[in-house]
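Note sheet for the following structure.
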Amino acid sequence: MFDFSVVTTWFNDLLTVSAGMPQWLATTIECVIVGALLLLGYTVLAMFYIMYERWVCAWFQCRRGPLRVGPWGSLQIFADVIKMLIKEVVDLWKTDNFLHKLAPYFVLIASVVVFACLPWGKGLQAIDFNIGVFFMTAVSSLGVVGILLAGWSSNSKYTLIGAMRSGAQMISYELSIGIAMLTIVCLAGTMSVTGLVEAQQNGWFIFTGHIPAIIAFIIYIIAATAETNRGPFDLPEAEHELTAGYHTEYSGIHFGFFYLAEYLNLFIVSGIASLLFLGGWMPLHVAGWDGFNAVMDYIPSTVWFLGKAILVSFIIIWFKWSFPRVRIDQMLALEWRYLMPIGLFNLVLMAIIVSMGWHFAG
Amino acid sequence: MEVKIKSMKHEDFKDNEYIDQLVQELNASGTNVVVGKLDQLINWGISNSLWPFCFGTSCCAIEFMCLGAARYDMARFGFEVARNSPRQADYIMCQGTITYRMAPALKRLYEQMAEPKYVIACGACTVSGGPFKNSYCVVKGIDEIIPVDVYLPGCPPRPEAMFYALMQLQRKIKVQKFFGGVNRKESRKKFFEKSSEK
Amino acid sequence: MCPEAQCDASGEFLLISVPDKQWHDLARMLKEELHFDYLTALVGVDWKEELGVMYYLTNTETQEMIHVKVATTDREQPRLHSVSDLWAVANYQEREVFDFYGIEFINHPDMRRFFLRNDWVGYPLRKDYDDDPAKNPLRLEDEENEDNTYRLVEDEQGNVTRIDGKVFGDEEYVVNVGPQHPSTHGVMRYRASIEGELVKKVDVVSGYIHRGIEKMCESLTYPQTLLYTERMDYMSAHINRHCLCLCIEKAMGLEVPHRAELIRMMMDELMRLSSHLLSYGCLTMDQGATTAFFYGFRERELIYDIFDKTCGARMSMSYLTIGGVKTDVHPDFIKDVRHACDVITKNLKEYHKLFTGNIIARNRMVGVGILGKDDAINYAITGPSGRASGHHCDVRKCHPYSLYNEVEFDEVMYETGDSMDRYMVRMKEMEESIKILRQCCDMLEQEGIEGEYIAKVPKLIKLPAGHWYQQVEGSRGAFGVYLESDGDPKPFQKPYRLHFQSPCFNLVGIVDLTCKDNLIADLITITASIDYVIPDIDR
Numbered sequence: 083m084f085d086f087s088v089v090t091t092w093f094n095d096l097l098t099v100s101a102g103m104p105q106w107l108a109t110t111i112e113c114v115i116v117g118a119l120l121l122l123g124y125t126v127l128a129m130f131y132i133m134y135e136r137w138v139c140a141w142f143q144c145r146r147g148p149l150r151v152g153p154w155g156s157l158q159i160f161a162d163v164i165k166m167l168i169k170e171v172v173d174l175w176k177t178d179n180f181l182h183k184l185a186p187y188f189v190l191i192a193s194v195v196v197f198a199c200l201p202w203g204k205g206l207q208a209i210d211f212n213i214g215v216f217f218m219t220a221v222s223s224l225g226v227v228g229i230l231l232a233g234w235s236s237n238s239k240y241t242l243i244g245a246m247r248s249g250a251q252m253i254s255y256e257l258s259i260g261i262a263m264l265t266i267v268c269l270a271g272t273m274s275v276t277g278l279v280e281a282q283q284n285g286w287f288i289f290t291g292h293i294p295a296i297i298a299f300i301i302y303i304i305a306a307t308a309e310t311n312r313g314p315f316d317l318p319e320a321e322h323e324l325t326a327g328y329h330t331e332y333s334g335i336h337f338g339f340f341y342l343a344e345y346l347n348l349f350i351v352s353g354i355a356s357l358l359f360l361g362g363w364m365p366l367h368v369a370g371w372d373g374f375n376a377v378m379d380y381i382p383s384t385v386w387f388l389g390k391a392i393l394v395s396f397i398i399i400w401f402k403w404s405f406p407r408v409r410i411d412q413m414l415a416l417e418w419r420y421l422m423p424i425g426l427f428n429l430v431l432m433a434i435i436v437s438m439g440w441h442f443a444g
Numbered sequence: 006m007e008v009k010i011k012s013m014k015h016e017d018f019k020d021n022e023y024i025d026q027l028v029q030e031l032n033a034s035g036t037n038v039v040v041g042k043l044d045q046l047i048n049w050g051i052s053n054s055l056w057p058f059c060f061g062t063s064c065c066a067i068e069f070m071c072l073g074a075a076r077y078d079m080a081r082f083g084f085e086v087a088r089n090s091p092r093q094a095d096y097i098m099c100q101g102t103i104t105y106r107m108a109p110a111l112k113r114l115y116e117q118m119a120e121p122k123y124v125i126a127c128g129a130c131t132v133s134g135g136p137f138k139n140s141y142c143v144v145k146g147i148d149e150i151i152p153v154d155v156y157l158p159g160c161p162p163r164p165e166a167m168f169y170a171l172m173q174l175q176r177k178i179k180v181q182k183f184f185g186g187v188n189r190k191e192s193r194k195k196f197f198e199k200s201s202e203k
Numbered sequence: 004m005c006p007e008a009q010c011d012a013s014g015e016f017l018l019i020s021v022p023d024k025q026w027h028d029l030a031r032m033l034k035e036e037l038h039f040d041y042l043t044a045l046v047g048v049d050w051k052e053e054l055g056v057m058y059y060l061t062n063t064e065t066q067e068m069i070h071v072k073v074a075t076t077d078r079e080q081p082r083l084h085s086v087s088d089l090w091a092v093a094n095y096q097e098r099e100v101f102d103f104y105g106i107e108f109i110n111h112p113d114m115r116r117f118f119l120r121n122d123w124v125g126y127p128l129r130k131d132y133d134d135d136p137a138k139n140p141l142r143l144e145d146e147e148n149e150d151n152t153y154r155l156v157e158d159e160q161g162n163v164t165r166i167d168g169k170v171f172g173d174e175e176y177v178v179n180v181g182p183q184h185p186s187t188h189g190v191m192r193y194r195a196s197i198e199g200e201l202v203k204k205v206d207v208v209s210g211y212i213h214r215g216i217e218k219m220c221e222s223l224t225y226p227q228t229l230l231y232t233e234r235m236d237y238m239s240a241h242i243n244r245h246c247l248c249l250c251i252e253k254a255m256g257l258e259v260p261h262r263a264e265l266i267r268m269m270m271d272e273l274m275r276l277s278s279h280l281l282s283y284g285c286l287t288m289d290q291g292a293t294t295a296f297f298y299g300f301r302e303r304e305l306i307y308d309i310f311d312k313t314c315g316a317r318m319s320m321s322y323l324t325i326g327g328v329k330t331d332v333h334p335d336f337i338k339d340v341r342h343a344c345d346v347i348t349k350n351l352k353e354y355h356k357l358f359t360g361n362i363i364a365r366n367r368m369v370g371v372g373i374l375g376k377d378d379a380i381n382y383a384i385t386g387p388s389g390r391a392s393g394h395h396c397d398v399r400k401c402h403p404y405s406l407y408n409e410v411e412f413d414e415v416m417y418e419t420g421d422s423m424d425r426y427m428v429r430m431k432e433m434e435e436s437i438k439i440l441r442q443c444c445d446m447l448e449q450e451g452i453e454g455e456y457i458a459k460v461p462k463l464i465k466l467p468a469g470h471w472y473q474q475v476e477g478s479r480g481a482f483g484v485y486l487e488s489d490g491d492p493k494p495f496q497k498p499y500r501l502h503f504q505s506p507c508f509n510l511v512g513i514v515d516l517t518c519k520d521n522l523i524a525d526l527i528t529i530t531a532s533i534d535y536v537i538p539d540i541d542r
């Protein structure tokens, strides 16, 4: 399997040894390049995801989906982006303009930072430190601040209700996400992203972790759907109740940021799901089948990671286009009465299994 | 210069003289090559990403839903992202009669939309008042309130006719000039000044 | 009981004329002792020398109908007694009459205009209305909030005093839903007072699509008035038109050929299918299940195709006419109808699988927005929503018209009257409609490919002086037409008064009742399950 750290080490050496730059300058240059690449990847992926959802949803609804603009509608999203960029950003009266303009950046930055932590492939990771997973959950919570700000600063009753719903929802479901993550961390014994992936060398956690891992996976998927404000948990922007929820008053590129972040969050939660349960970029290995494992290793690690993430996203999109929306009280009841107690119990179960050594050898 | 729409021939459209004249007027003073190309790119973007604002007051709205549904599927053109917030929509397809009570709401919705914005008057009622022209509280054509880009007759128009209207709008967008040229804001200001004089 | 009441049994129903002073007592007796508990229609009429109201009452046990005429000669300050305390449906109906005729109702709880702007000058349906556009120009500034209301209260001595009031207090948090909102199904406006997510009170502000159809009809000939019936409830276009045709035919004493009546009935049922499919779609979409919406529309296209082939239009078909139908059906008609029936029967199962059985859908609909049987009758809720509450009100069964006697079908009834029941009634009614359509196909096949599809109708239609009331079962409830003719001998006779008693008008009356103490999301579910069409309310 190709290790991307070869490339990064080579580049670092090129700067420090061959070009003779001091370490701080080299690091700065590297940071800028990585940042630019990440932003590029972020945009491209978000655009891909928007089209992906539109095609998948058309398929569910017996429609064709976008197909006129460019071959198979592939240029549709570029038209949308151009349009969005030149669209007027409406200034509102009687609002806190600074907060109003700031809100989309909060949402965007929260998702970019989490995006940066994802393990893209073997040795291809921007930041890798020992509390990686913990860091992800911490910064992803920043997004809710943006949403609350957006709702509050728009000076509209709809956006306010949308924001309050969103606050209640995201804070509740973060618990379940945390607990589901903790279950896996308990199994792996590390919080480091690389450590987690390496631990799934011989079998993904969803297979090796016994029943608790499967339960954790289900809890995670439900909570992640809620966390990204997607159907059936799309209450904050419930179109038929609150017109467009917290971003009702945003136009042009500011709305575009919300739109991008929404899709990127979908990718991020799928990415984390694949990291925690499906082995991240780790190919499918079956202990003992060396030939099979070798073939699997030929597929680049980045493809593995993206493939898994897109597959998990498909499930989440599937939810959205099949289920009706839940009501706010039902949504909170689901979290506090069912998901969280089950999750806690599951965590204990996992701890017992790990300490007794009942799980499959990883 | 001819305005091209995919899979629709120039001669298949009606009102070609109107578009040709518009093109001629706009190009009379010549165009900078760079700006012209940029304009084309922007117009391509806007015309292919027209997000409708759901504004249905009566029967035409049902036909508009059919336009979105499986058989007609406006998603093919990239028009399917119907927004419920006027801030995020590109054009308002006014489907159904506008009464005196509704008129201020329509005007306000139009004002809430972000530039560039377009209006399609869909159905006989919005074009002229239609069958309700003689009523005591029906607006005789929404062009009394807001500037209209495309008029679409029919009671209600068939979904095919709606596509045609949308393509006409696309053609109109494709000849507009984002940089310089006819200033839409200017002409709109004139419209509202004129209507307020009335 | 009422010595001054005059009875007249010469018309189609017993007519009681009663002076205003005794009207309320008579009304109480009619309701409580004689069990006329269903106020079918309330029609304001301007008889030039007097202004008044026609009340059509139905006994829900025997389905017997009577009507009562109450009038006042005072044109400057006409006042009648309100019956909104006896029949809750009269609340909005009387506001409509106030709006059109300026008749104030004593003891009415909330005397505001219903359709027109608050700053409107004059009462448009009065015969002496001044329609000078300068008086009511197109105003582009928003009207003031209609928070101010008043009541006329009568004390023991019969003195009437005016008490001003407010709809919402200052401390209430009022959210404005509409007039342009994705789930009000058009331009309806609710002002909902909320506490957190709980809805405390809903004030219905209607009239955003009030087009003055009834007034316009008074200046058109009878065949011309048919046009507007299809533009009120566009989802039961054929049915509404059928109703007006039946009413005019009844007044003319015209016999309609059997084949024409059969075709009309089939069109009605196809329309009902199409309408219920739409309401399925809208209900599911309002709850966020967008895919189900698309499935409903997929099947509607089949029905549209049938209309397209025979009538030449997808919507607003203008197919039915006085005396029959305009042309004979398309040769493929029977084949197409059978095909559509088969496809829809098959796909109904899919709908149930996708949506009805879904746990989220059930949680959101079961027990939400319960409307009891008594309330349903009191608010004159008919159609699927009424039957979900156990109100036996299917006009096809109670007062059979057309050929509904000759076909077999069941009236779908439920007990609880929650949103789920209202939804299920529609789903089951689709099956019944398919049953009727299949029988009709057989009957039409027996008649042969061609036949007499229209009766001989005089070129100029003249009706004798009198008034008639006809109701049919629309897709959303009992649709009624009140037609009054003055027997004008001029060649182009015009209706003196044409009133459409639309089912949706009554439906919107229960929004406040059913939404109270439910969540905002339930407001959407309930209004979607009640399933009204706004142009039908506003007319």
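Chains as they are written, first to last, in this note's numbering: chain A, 83 to 444; chain B, 6 to 203; chain C, 4 to 542. Glycine residues also receive a C-beta, built at the ideal position from the N, C-alpha and C atoms.
For L257 (chain C), name the three-state secondary structure that DSSP assigns. DSSP places L257 (chain C) in coil when its eight states are reduced to three.
Around the C-beta of Q80 (chain C), are 16 or more other C-beta atoms found within 10 angstroms, so that it is buried, or is it exposed? Exposed is the call here.
Checking the sheet assignment: what are the DSSP bridge partners for S196 (chain C)? Under DSSP, the beta-bridge partners assigned to S196 (chain C) are C:V177 and C:K204.
Counting only C-beta atoms, is L149 (chain A) closer than 8 angstroms to chain B at any point? For L149 (chain A), the nearest CB of chain B lies under 8 angstroms from its own CB, placing it at the interface with that chain.
Which same chain residues, not among the five before or five after L463 (chain C), have their C-beta less than 6 angstroms away from its C-beta? Cβ within range, chain order: P494.
Mind checking which residues open and close the beta strand (DSSP E) that includes W471 (chain C)? From DSSP, the beta strand (DSSP E) with W471 (chain C) extends over G469 to E476.
Measuring alpha carbon to alpha carbon, tell me which of B:K199, B:K194 and B:L174 ends up nearest S52 (chain B). The shortest CA-to-CA distance from S52 (chain B) to any of B:K199, B:K194 and B:L174 is the one to B:L174.
In three-state terms, what does DSSP make of A240 (chain C)? DSSP, reduced to helix, strand and coil, places A240 (chain C) within a helical segment of the structure shown.
Using CA coordinates, which residue listed in C:H355, C:E302, C:D335 and C:I309 is at the minimum distance from V346 (chain C)? Ranking C:H355, C:E302, C:D335 and C:I309 by CA distance to the CA of V346 (chain C) puts C:E302 first.
For the segment 44-55 of chain B, enumerate the residues whose C-beta is nearer than 9 angstroms to any C-beta of chain C, in chain order. Among the residues of the segment 44-55 of chain B, none has a Cβ less than 9 angstroms away from any Cβ of chain C.
Check the Cβ of L72 (chain B) against every Cβ in chain C and list those closer than 8 angstroms, keeping chain order. Within chain C, no C-beta atom comes less than 8 angstroms from the C-beta of L72 (chain B); the nearest is roughly 10 angstroms away.
Inspect the beta-carbon positions of G372 (chain C) and R479 (chain C) and report whether they are closer than 8 angstroms. Annotated as distal: G372 (chain C) and R479 (chain C), with beta-carbon spacing of 8 angstroms or more.
Would A481 (chain C) pass as an interface residue toward chain A - the criterion being a Cβ-Cβ separation below 8 angstroms? A481 (chain C) has a beta carbon lying at 8 angstroms or more from every beta carbon in chain A.
Using the Cα positions of E432 (chain C) and C507 (chain C), report the straight-line distance between them to the nearest angstrom. When rounded, the distance between both Cα atoms is 18 angstroms.
Which value, in whole angstroms, describes the spacing of the CA atoms of V155 (chain B) and E85 (chain B)? Straight-line Cα distance between these residues: approximately 19 angstroms.
Hey, does R425 (chain C) have any beta-carbon neighbour from chain A nearer than 8 angstroms? Not one chain A Cβ lies under 8 angstroms of R425 (chain C).
Is the separation between the beta-carbon of L440 (chain C) and that of C344 (chain C) shorter than 8 angstroms? Contact flag set, yes.
Run through the segment 429-492 of chain C for me and flag every whole beta strand (DSSP E) of 3 or more residues, listed as ranges in chain order. Here the runs fully enclosed are 469-476 and 481-488.
Does the segment 313-325 of chain C come close enough to the segment 407-420 of chain C to have 3 or more Cβ pairs within less than 8 angstroms? Three or more beta-carbon pairs separated by less than 8 angstroms are not found between the segment 313-325 of chain C and the segment 407-420 of chain C, which leaves the two stretches without contact.
Quick check: what's the CA-CA separation for V484 (chain C) versus V208 (chain C)? Approximately 24 angstroms between the Cα atoms of the pair.
Where does the unbroken alpha helix (DSSP H) through K338 (chain C) begin, and where does it stop? Residues F336 to Y354.
When the distance is taken between beta carbons, is T75 (chain C) closer than 8 angstroms to M68 (chain C)? In this structure, T75 (chain C) does not lie closer than 8 angstroms to M68 (chain C) by Cβ.
Using CA atoms only, rank isn't needed, just tell me which of A:V279, A:L429 and A:A376 is closest to N212 (chain A). Closest by alpha carbon: A:V279.
For the segment 284-310 of chain C, which residues have a CB atom closer than 9 angstroms to at least one CB atom of chain A, in sequence order? So the list reads T287, M288, D289, Q290, G291, A292, T293, T294, A295, F296, F297, Y298 and R301, given in the order they occur along the chain.
Do I301 (chain A) and L421 (chain A) have their C-beta atoms closer together than 8 angstroms? In contact: I301 (chain A) and L421 (chain A) (Cβ atoms closer than 8 angstroms).
Tell me which residues share the same chain as Y124 (chain A) and place their Cβ nearer than 7 angstroms to its Cβ, disregarding the 5 neighbours each side in the sequence. Only residues of its own chain outside the window of five on either side were considered, and among them V194, F197 and L346 have a CB closer than 7 angstroms to the CB of Y124 (chain A), listed in chain order.
Which residues of chain B have a Cβ atom closer than 8 angstroms to the Cβ of M219 (chain C), listed in chain order? Within chain B, the residues F137, N139 and S140 have their CB atoms less than 8 angstroms from the CB of M219 (chain C), given in chain order.
Using the three-state DSSP reduction, which class does G444 (chain A) fall into: helix, strand or coil? Because G444 (chain A) sits at a pLDDT of 47, beneath the cut-off of 50, its placement in the model cannot be relied upon, and the following sentence gives the value as read from the coordinates. DSSP, read as helix, strand or coil, puts G444 (chain A) in coil.
Could you compute how far the alpha carbon of G444 (chain A) sits from the alpha carbon of G291 (chain A)? Bear in mind that a pLDDT of 47 at G444 (chain A), under 50, signals an unreliable position, so the model cannot answer this.
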